[in-house]
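First residue of the sequence shown? That's 11 in the working numbering, and the numbers climb one at a time after it.
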Amino acid sequence: MGTILGVIRRRIWWLMVFALAALALGFVYLKLTPAVFEARTVVQVEQTTQAVVSVQDAVREDLKTVEVLKTIEQNLASTALLLRVAKVVKFEEDARFTGEKGGLMSTLNGLIKKEDKEPLTEAGLIRTMSDRVKVALRRGTRLIDVTVSGQNAELARDISLAVVSEYAQLILEQKLAASKPIYGHLVSEAERLKKQLEASEQKLQAYREEKHAVSLEQTQNIVVATLQDLNKSLSEARSVRMKIESDVTALTGSAVTPDMVTLKQRIAEQEAELASLGERYDSKNPKYLQAQSEIDKLKLSLSKATQDAAEVVKASLAAAKETEQKLVKALQEQENKALDLNKISVQYNTLSREVESDRVMHEAVLKQLKETQIVQGLEQGAIRIVEPATVPDRPVSPKKSMALAISLVLGLACGMVVCVIPAVFKAPFMNVEDAEHQLVIPAVGVIQKVRMKRGDHHIYLVDNPRTLAAESLRSLRAALCDAGRSFMFCSAVPGEGKTFCTVNFAAALALEGHRTLLIDADLRMPSIGGQLFGKERPGLADVVKGKLSLGDAVQAAKIDKLYVLTAGTAIAGPAELLASPKLKAMLEDALKEYDRVVIDSAPILAVSDALRMSSHVEHTVLVVRAAKTPGSAVARALHQLTKAAGKRPAGFVLNQVSSGPIGYGSYGSYT
11 MGTILGVIRR RIWWLMVFAL AALALGFVYL KLTPAVFEAR TVVQVEQTTQ
61 AVVSVQDAVR EDLKTVEVLK TIEQNLASTA LLLRVAKVVK FEEDARFTGE
111 KGGLMSTLNG LIKKEDKEPL TEAGLIRTMS DRVKVALRRG TRLIDVTVSG
161 QNAELARDIS LAVVSEYAQL ILEQKLAASK PIYGHLVSEA ERLKKQLEAS
211 EQKLQAYREE KHAVSLEQTQ NIVVATLQDL NKSLSEARSV RMKIESDVTA
261 LTGSAVTPDM VTLKQRIAEQ EAELASLGER YDSKNPKYLQ AQSEIDKLKL
311 SLSKATQDAA EVVKASLAAA KETEQKLVKA LQEQENKALD LNKISVQYNT
361 LSREVESDRV MHEAVLKQLK ETQIVQGLEQ GAIRIVEPAT VPDRPVSPKK
411 SMALAISLVL GLACGMVVCV IPAVFKAPFM NVEDAEHQLV IPAVGVIQKV
461 RMKRGDHHIY LVDNPRTLAA ESLRSLRAAL CDAGRSFMFC SAVPGEGKTF
511 CTVNFAAALA LEGHRTLLID ADLRMPSIGG QLFGKERPGL ADVVKGKLSL
561 GDAVQAAKID KLYVLTAGTA IAGPAELLAS PKLKAMLEDA LKEYDRVVID
611 SAPILAVSDA LRMSSHVEHT VLVVRAAKTP GSAVARALHQ LTKAAGKRPA
661 GFVLNQVSSG PIGYGSYGSY T
């Protein structure tokens with residue numbers, strides 16, 4: 011982030027130039043682009059019923075289904091309807107259309123080449139109307155928006171209303187065209203059914219006259235009612251007869267009439283009294299004889315009453331039987347009459363059903379015929395306007411604030427693409443955070459910018475032990491000392507300070523008590539021998555070639571436990587020498603004798619020497635100079651080094667960091 015902000019600060023004027031240029035173009039666009047208005051008519055799809063064809067098994071469209079709603083939406087935006095609307099409103103001849111200004115591209119084309127306006131063809135009219143008219147179904151509703159855009163607000167309103175009106179008229183015309191053959195068929199069918207009804211009615215009337223059955227239904231009703239009454243009367247007569255017969259049977263035994271019952275009771279009472287008298291008097295006593303005489307009189311009266319009752323009952327029985335016979339005869343006569351009427355009614359009912367069926371069919375056809383006539387006189391469709399279009403008072407485009415904001419954003423984006431991003435890609439690392447974020451490896455050391463002073467040892471850590479840079483070198487030793495035993499320092503390009511870091515890191519290890527071997531493997535531009543000994547001596551190249559042994563080539567430095575193997579005699583092919591297996595064997599021998607081995611190598615992007623040696627050491631350290639080395643160069647070197655070694659480096663050292671906010675100058679008081 012710091013790198014990006016730094017680049018932006020350095021190139022802020024270029025960003026301002028791009029932003030102002032983009033704003034100027036935005037103002038030109040707004041100046042050349044005419045205002046566009048939108049008028050919207052909202053219609054609702056109605057659930058209508060078909061009045062022409064009402065057959066029971068007819069399949070009706072459900073105008074609530076999505077398919078039908080989408081169909082109406084597409085029909086409202088159909089090219090045929092748009093062409094019809096254009097012709098009806100005389101769109102091409104309307105001054106509100108012909109006076110419209112061209113857009114930005116039209117203005118530019120007009121500046122390049124002036125052409126006379128030619129009349130629009132039908133295809134051109136359709137394209138123009140299609141660009142202006144947009145139809146959209148509102149999701150989850152039966153509402154459809156018919157939106158028309160244009161430079162003239164009134165023209166947009168008129169076209170929006172005209173689209174809906176012409177659609178309704180088109181639907182009506184289609185219905186009328188579809189109803190004409192149906193109407194003709196209904197007229198002929200009604201005439202045929204009328205004649206058929208008249209013929210069936212004439213047959214029924216002739217049968218009535220032939221059978222004298224003008225009021226057959228009423229006669230049948232009377233006969234049925236009479237039969238019911240006779241059946242009821244016959245049942246009652248039979249009940250009376252049966253009761254009289256039971257009375258006749260009862261006359262031979264117990265009393266039947268109330269008088270006879272009374273006489274029997276009195277006889278019983280007198281006989282009881284006679285018995286009581288018999289106990290007190292003899293049979294010749296006058297009281298006893300008188301009681302006996304009373305009983306005889308009562309028995310004589312009972313016998314006469316019984317005879318009279320029998321005669322009355324017999325007469326009643328004869329009358330009841332005669333009445334029953336008359337009723338049976340009358341019932342038989344009515345049944346015969348009913349059977350005769352039923353024979354007549356069979357044919358009569360057949361003819362009546364034919365008449366009724368013909369009448370129902372004729373009336374149904376007449377009803378459909380009248381409904382068709384009504385439909386032909388009505389202007390109805392499947393849609394209804396719920397929100398008519400009005401003249402808009404504000405344009406919908408161009409939106410000035412949005413256009414200027416977009417212009418500003420595009421200008422800044424172009425400035426970033428043209429100026430900032432390439433600079434960021436090539437920008438050097440200014441602090442540890444940026445370097446770690448982009449390289450994705452840890453920082454093992456941050457060395458402050460120093461001024462070299464010549465001393466006895468020509469080693470900065472020894473000559474300037476109380477400086478902030480010296481403390482940073484000790485921190486580098488602390489970060490790497492326990493990580494392994496062999497280290498190689500390298501850089502992306504020359505001038506990064508890798509030799510400075512290598513020599514001082516080796517000196518720091520020696521000062522801590524580790525027997526350390528410092529090897530100068532930069533065979534193309536060796537510098538360690540001249541820095542520590544004043545001149546180059548036989549060293550690494552001679553050992554690998556077999557001219558000297560490792561013990562003969564190593565020299566002791568002025569620091570205790572620090573030993574140096576200089577580059578040695580200059581050779582023609584350093585890369586091939588460093589790729590030799592003898593180098594690996596030599597390094598293995600060195601690790602047997604020394605605690606630590608530190609190697610200074612050549613720049614990675616300049617030559618391949620460091621890549622050849624990277625697999626022979628435990629850890630490699632990439633030295634990056636702050637505010638100088640391009641980030642792209644460091645990233646490319648890191649990629650090549652990782653690929654050659656088969657693993658990522660142990661970390662990087664950010665060298666020559668300036669004191670201040672981007673470095674660690676604020677900690678200097680602790681040194």
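The C-beta atom is built at its ideal place from N, Cα and C for all residues, glycine as well.
- Distances from the CA of leucine 171 to each of Ala399, Glu321, Phe28 and Leu130 were compared; the closest alpha carbon is that of Ala399.
- With a threshold of 16 other beta carbon atoms within 10 Å, isoleucine 232 falls short and is exposed.
- For arginine 290, the enclosing alpha helix (DSSP H) covers residues 268 to 290.
- Listed in chain order, the alpha helix (DSSP H) elements of length 4 or more contained wholly in the region 126 to 168 are 132 to 142.
- Arginine 152 counts as buried, since at least 16 other C-beta atoms from the protein chains shown sit within 10 angstroms of its C-beta.
- DSSP places leucine 310 within a helical segment (H, G or I) once states are collapsed to three.
- Rounded to the nearest angstrom, the Cβ distance from glutamate 443 to proline 452 is 12 Å, too far for a contact under 8 Å.
- Between the C-alpha atoms of tyrosine 358 and glutamine 215 there is a straight-line separation of about 10 Å.
- Exposure of glutamine 238 is indicated by the presence of fewer than 16 other C-beta atoms within 10 angstroms of its C-beta.
- DSSP places asparagine 665 inside the beta strand (DSSP E), whose first and last residues are 661 to 667.
- In the three-state scheme derived from DSSP, where H, G and I count as helix and E and B as strand, threonine 89 is classed as helix.
- Only exposed fits arginine 149, as fewer than 16 other CB atoms lie within 10 angstroms of its CB.
- If you look at phenylalanine 499, you'll find it isn't in any alpha helix (DSSP H); it sits in the beta strand (DSSP E) that goes 496 to 501.
- Between the C-alpha atoms of glutamate 481 and methionine 412 there is a straight-line separation of about 56 Å.
- In this structure, the alpha-carbon of isoleucine 277 lies about 34 Å from that of alanine 330.
- Per DSSP, tyrosine 604 is not a residue of any alpha helix (DSSP H), being assigned neither H nor E.
- Between the C-alpha atoms of alanine 49 and glycine 134 there is a straight-line separation of about 22 Å.
- Here threonine 639 is actually not in contact with alanine 660; their C-beta atoms are around 19 Å apart, not less than 8 Å.
- For arginine 622, the enclosing alpha helix (DSSP H) starts and ends at 619 to 623.
- In the three-state reduction of the DSSP assignment, histidine 468 falls in the coil class.
- Across the structure, histidine 649 and glutamate 77 are spaced so that their CA atoms are roughly 59 Å apart.
- DSSP, reduced to helix, strand and coil, places isoleucine 22 within a helical segment of the structure shown.
- Residues Leu79, Glu83 and Ile154 of the same chain have their beta carbon placed closer than 6 Å to that of leucine 147, with the five preceding and five following residues left out of the count.
- In the DSSP assignment, phenylalanine 510 falls within the alpha helix (DSSP H) that extends over 508 to 521.
- The beta carbon of glutamine 280 lies closer than 7 Å to those of Ala301, Glu304, Ile305 and Leu308 in the same chain, with the five residues before and after it left out.
- In its chain, beyond the 5 residues on either side, Val574 have a beta carbon closer than 6 Å to the beta carbon of glutamine 565.
- Boundaries of the alpha helix (DSSP H) harbouring glutamate 481: 478 to 490, taken from the DSSP string.
- For glutamine 565, the pairing in a beta bridge is given by DSSP as Val574.
- Contact fails between the region 476 to 495 and the region 538 to 552, because fewer than three Cβ pairs, one in each stretch, are under 8 Å apart.
- Note: glutamine 458 is bridge-paired with Val667 in the DSSP secondary-structure output.
- Comparing alpha carbon positions, the residue from Lys592, Ala616 and Leu664 closest to alanine 637 is Leu664.
- Excluding the 5 residues flanking it on each side, alanine 479 has same chain C-beta neighbours closer than 6 Å at Ile457, Gln458 and Val460, in chain order.
- Per DSSP, the unbroken beta strand (DSSP E) holding leucine 632 starts and ends at 629 to 635.
- Within the same chain, Cβ atoms closer than 8 Å to the Cβ of arginine 142 are found at Val158, Ser159, Gly160, Ala166 and Ile169, the five residues on either side in sequence being excluded.
- In the DSSP secondary-structure assignment, glutamine 54 is bridged to Leu153 and Arg394.
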